[in-house]
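*Asks:* In my numbering, the protein residues as written are 368 to 1053. Ideal placement from N, C-alpha and C gives every residue a C-beta, glycine not left out. Since we're looking at a predicted model, the values are computed, not measured. One structure, pasted below without further comment.
Structure, rendered in structure tokens:
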């Protein structure tokens, strides 16, 4: 913290991230018309610095680089410094992340973009240190050089900036088309194509750093359940998720997953926890639990649900965005233990465990010197001992140890929680909870998911939605708990998904109407040859770029939208018309996704099925109300739409785009069609 008593413009902001910089000697402004006007009037370039409150490297820059008086002097004299919370302005963040990707081949947070007074970018970087390093200039050095270039070589600066802006407006296109037969390659061939990237030692794909890539694992798990993945490839997917859950990237004491692993073997994470990662984790684990109901998968589900309810749910019922990586100014301090601390916790809490202590230690990856830093250890299981600790009696010991570690952690100062809510993240979490309800077969897990879903559905309606006076239809009111944000493509897409999934589990037609009307609204307001991040008539002072198709922090909403339109075009002629208009976009995105399948999991989920695979099932609403149909949801969710009727009969039918293929009457008849008895099966006992 600066010793000066003068505050910049951020003291009165509501954002935790902005307030973290309120006492920097850098004279920060919040993003807005006043700051942009000031830059133009003074003809000064802008430093636009974007981050979020739980970002570790954002803290490092705040506490070191931005506290440096020399750096602050340069920025205050030669630039207009502007701070942005990326969770409050995700469209601005996406825009400049795209610019940085084009300029440097990568992005991330903190993102520091140098702009002309007209918001044209001419340099970007992520973390920049206080002092020059061997392979990285300090922020002060970079700022001085850029300020000089802006004055001495402005023509070149402006020319390069305009080229970047034009490139950012160009929709994603494949460098070359991928040849395949039929509408799309089968899932097995897609997994075979990425086999060369598989880490057969540690699980996952590629090298460090390793991100969980939940959309890809969800795609792969769904296709395994469909029987479309060869055993060898399927085994790697399951092993990869298991290794994540054994690693330090998973919080063994409390539940939930950290952002990513800095190493190849999932051991040491960046410790921040993001809401959208928890949603991705729940979706994968719920589906994997059908395929591989191991104690590790099932315990991780219930543990994460408990964590979300206890630590991430607001009094208003919506979920918070994130939890910090740091506590007491030290990354990972809250989550880690020395070996001696671990032994002390275990022996104090379990007096009868003494003779088993060496065996228990071997189940973990603790070292005397620490597997993290300063003798601290990240809690992680040793995969070499998997068969041993998976034994029921040993797994029960592990459960008790995890509880003891959590109780010990509760005595510490916890990381801070960013208590804002983001609408699209809450919609994603609600859908993840519906997945848990539909796929999990374990009663306590279902009960926990149901309880959370009820709370968050009510919280979403109170926090993010408004209701028209003439109908029951809900409209999105705001992007975040800050009410002055403009609504984005991702908000509407994930809201439509949430509403249509609510219809699946409730039969309430209001939700179906909300979802279908929202899909149509998106086409009318966000589509003009391509799908855009903001509404087409939006004017915010920076370009409206095509919506991301790559899975970035979370699944790409373009993939979700295409998936919803393809499924629900069976239900609505209007939606079928939208599908026709998306035809050129879809044909192009097939080749884009196949260039890098690991990064386009959500698009793969949207594109994998041929048109003929989509079906519409019409069944009595009574089957839902008396809980007959629930056990069959996992077999419908990926490519079937459900239409409930309230006729007095029990007629059912299954239709494709052209005709109805099957029909009958009665639930037993319906179930027999889906699960025909094999010859020799014994009859069910009444």
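(1) Could you check where the alpha helix (DSSP H) with residue 825 kicks off and where it finishes?
(2) Since residue 847 and residue 380 are thought to touch, with beta carbons under 8 Å apart, how far apart are those beta carbons, to the nearest angstrom?
(3) Between 593, 638, 674 and 552, which lies nearest to residue 649 when the distance is taken from Cα to Cα?
(4) Which one or two residues does DSSP pair with residue 565 in a beta bridge?
(5) Can you list the beta strand (DSSP E) stretches of 3 or more residues lying completely in the region 881 to 939, in chain order?
(6) Under 8 Å: do the region 940 to 956 and the region 884 to 896 share three or more Cβ pairs, one atom per stretch?
(7) Taking Cβ positions, are residue 874 and residue 991 nearer each other than 7 Å?
(8) Give the secondary structure of residue 498 by DSSP, where H, G and I count as helix, E and B as strand, and everything else as coil.
(9) Do you know offhand how far residue 973's Cα is from residue 802's?
(10) Can you find at least 3 beta carbon pairs, one from the region 801 to 821 and one from the region 988 to 1008, that sit closer than 8 Å?
(11) Rank 608, 1010 and 940 by C-alpha distance to the C-alpha of residue 584 and give the top, closest one.
(12) Should residue 638 and residue 786 be called a contact, given that it needs their Cβ atoms to be closer than 7 Å?
(13) Identify the residues that DSSP records as bridge partners of residue 577: which are they?
(14) Measure the Cβ-Cβ separation of residue 591 and residue 680 and say whether it is below 7 Å.
(15) What three-state label does DSSP hand residue 503 in the structure shown?
(16) Where does residue 412 fall in DSSP's three states?
(17) Three or more C-beta pairs under 8 Å: does that hold for the region 467 to 486 against the region 414 to 428?
(18) Taking the C-alpha atoms as reference points, what is the distance between residue 369 and residue 392?
(19) Cβ-heavy atom distance between residue 406 and the ligand NAD below 6 Å?
(20) Would you give the residue range spanned by the alpha helix (DSSP H) that residue 968 belongs to?
(21) Taking the runs of the alpha helix (DSSP H) that are 4 residues or longer, which of them lie wholly in the region 443 to 514?
(22) Is the distance from the Cβ of residue 646 to the Cβ of residue 795 below 7 Å?
(23) For residue 748, list the residues DSSP reports as bridge partners.
(24) At 4 residues or longer, and completely inside the region 379 to 427: list those alpha helix (DSSP H) runs for me, N to C.
(25) Report the start-end ranges of each alpha helix (DSSP H) in the region 664 to 701 that is 4 residues or longer and not cut off at the edges.
(26) In angstroms with no decimal places, state the Cα-to-Cα distance between residue 442 and residue 528.
(27) Taking only the alpha-carbon atoms, compute the straight-line gap between residue 884 and residue 741 and give it to the nearest angstrom.
(28) Tell me, to the nearest whole angstrom, how far the beta carbon of residue 897 is from that of residue 457; I am working on the premise that it is less than 8 Å.
(29) In chain order, what residues of the same chain have a beta carbon less than 7 Å from the beta carbon of residue 406, not counting five sequence neighbours either side?
(30) Distance check for residue 390 and residue 604, CA to CA, integer angstroms please.
(31) Are residue 643 and residue 792 touching if we call contact CB-CB under 7 Å?
(32) I need the straight-line Cα distance from residue 738 to residue 669, nearest angstrom please.
(33) For residue 436, which residues from the same chain have a beta carbon less than 7 Å from its beta carbon, with the 5 sequence-adjacent residues on both sides left out?
(34) Nearest CA to the CA of residue 472: which residue from 531, 843, 975 and 419?
(35) State the CB to CB distance for the pair residue 597 and residue 555, rounded to an integer number of angstroms; the pair is presumed to be in contact (CB under 8 Å).
(36) Using DSSP with H/G/I as helix, E/B as strand and the rest coil, what is residue 647?
*Replies:* Taking the coordinates as given:
(1) Here the alpha helix (DSSP H) through residue 825 covers 810 to 830.
(2) 13 Å between Cβ atoms; not a contact.
(3) A check of alpha carbon separations from residue 649 across 593, 638, 674 and 552 identifies 674 as the nearest.
(4) 572, per the DSSP bridge assignment.
(5) None, since the region 881 to 939 contains no complete beta strand (DSSP E) of that length.
(6) The region 940 to 956 makes contact with the region 884 to 896; the number of CB pairs closer than 8 Å reaches 3 or more.
(7) Contact: yes.
(8) Reduced to three states, the DSSP call for residue 498 is coil.
(9) Looking at the two C-alpha atoms, the distance is approximately 17 Å.
(10) The region 801 to 821, when compared against the region 988 to 1008, does touch it at the 8 Å Cβ threshold.
(11) Answer by Cα proximity: 608.
(12) Cβ distance not < 7 Å, so residue 638 and residue 786 don't count as in contact.
(13) Residue 577 pairs with 628.
(14) For residue 591 and residue 680, no; Cβs fall outside 7 Å.
(15) Under the three-state reduction of DSSP output, residue 503 falls in the strand class.
(16) Three-state DSSP puts residue 412 in coil, outside helix and strand.
(17) Counting Cβ pairs under 8 Å, three or more are found: they touch.
(18) Here residue 369 scores only 44 on pLDDT, less than 50, and its place in the model should not be relied on; the value that follows carries that caveat. Rounded to the nearest angstrom, the two C-alpha atoms are 6 Å apart.
(19) In the structure shown, the ligand NAD is absent, as is every other ligand, since no ligand is present at all.
(20) That run of the alpha helix (DSSP H) goes 968 to 974.
(21) Runs of the alpha helix (DSSP H) inside the region 443 to 514: 457 to 471.
(22) Yes. Within cutoff.
(23) The partner list for residue 748 (beta bridge, DSSP) reads 731.
(24) The qualifying runs are 383 to 386, 400 to 409 and 423 to 427.
(25) The alpha helix (DSSP H) runs of length 4 or more contained entirely in the region 664 to 701 do not exist; there are none.
(26) About 20 Å.
(27) In a straight line, the C-alpha of residue 884 is about 56 Å away from that of residue 741.
(28) Contact flag wrong, Cβ pair sits at about 19 Å.
(29) If we look at residue 406 and ignore the five residues flanking it on each side, its Cβ neighbours are 413, 447 and 484.
(30) One Cα belongs to residue 604, the other to residue 390, and the distance between them is close to 47 Å.
(31) Closer than 7 Å, so yes.
(32) Each residue's CA atom was taken as its position, placing residue 738 and residue 669 some 27 Å apart.
(33) If we look at residue 436 and ignore the five residues flanking it on each side, its Cβ neighbours are 392.
(34) For residue 472, the closest C-alpha among the options 531, 843, 975 and 419 is that of 531.
(35) At roughly 5 Å, the Cβ-Cβ gap stays under 8 Å, so residue 597 and residue 555 are in contact.
(36) In this structure, residue 647 counts as helix in the three-state DSSP scheme.
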